[in-house]
Amino acid sequence: MNTKNTDPKVLLSTLWIVILFNMIIRDLHEFLREGYIEEMMSLRIPEENMLFYGFVAQVPILMILLSRTLKDKANKWFNTVAGLIASLGFLSTLPTADMDDVFFVIVENILLLIVLRIAWKLPIHTKNHQLQ
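With the sequence shown counted from 1, adding 25 to any position gets you the numbering used here.
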């Protein structure tokens with residue numbers, strides 16, 4: 026896949042869309058497991074956990090827009106922080122993960138590494154000249 030002529034901001038935004046789809050598909054995929062719905066209905070999930078995972082879910086949604094609109098310097102930092110938050114959120118599910126969950130976490134983290142690589146290759150603008 027040749028991405029040399031692709032605007033890096035468009036590529037970043039698209040990667041965040043792919044990450045979000047992976048999160049959604051991972052959750053939907055769990056519904057196929059026998060007894061999953063009954064198991065979820067019987068759980069008491071603390072509000073703090075719900076807030077944390079709600080926050081993690083908002084990160085890719087927000088980054089779809091921000092990665093297209095932020096200036097390069099801000100884009101580097103927002104993508105870095107967002108990538109770390111998302112990665113920690115994904116990794117926090119591993120203690121109770123089954124094989125397919127581990128697979129999704131691996132894919133999501135590979136995508137996040139690609140996001141970081143692209144974000145840190147964005148040009149740095151200075152007053153007098155541009156460094157690349």
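Just so you know, even glycine gets a beta-carbon here, dropped at the ideal spot from N, CA and C.
Cβ pair residue i, residue j closer than 8 Å
i	j	result
Val5	Leu119	The shown model of the chain, from 26 to 157, leaves out residue 5, and the question about it has no answer.
Phe129	Arg51	yes
Asn100	Ser92	yes
Phe231	Ile49	In the structure displayed, the chain extends from 26 to 157; residue 231 sits before or after that span and is not available.
Trp145	Met88	no
Leu37	Ile135	no
Leu147	Ile86	no
Burial state of residue i, where buried means 16 or more other Cβ atoms lie within 10 Å
i	result
His154	At His154, the pLDDT of 45 sits below 50, so the modelled position is not reliable; the number obtained from the coordinates is stated separately. His154 is exposed by the Cβ-count criterion.
Lys29	exposed
Phe80	exposed
Lys34	buried
Close beta carbons around residue i, own chain, < 7 Å, minus the five adjacent residues each side
i	result
Val84	Ala107, Ile110 and Ala111
Other residues of its chain near residue i: CB distance less than 6 Å, five sequence neighbours each side excluded
i	result
Leu156	Because Leu156 carries a pLDDT of 46, less than 50, the predicted location of this residue cannot be relied on, and the following value inherits that uncertainty. Result list for Leu156: Ile149, in chain order.
*beta strand (DSSP E) runs wholly inside the region 58–109, at least 3 long, in chain order*: none
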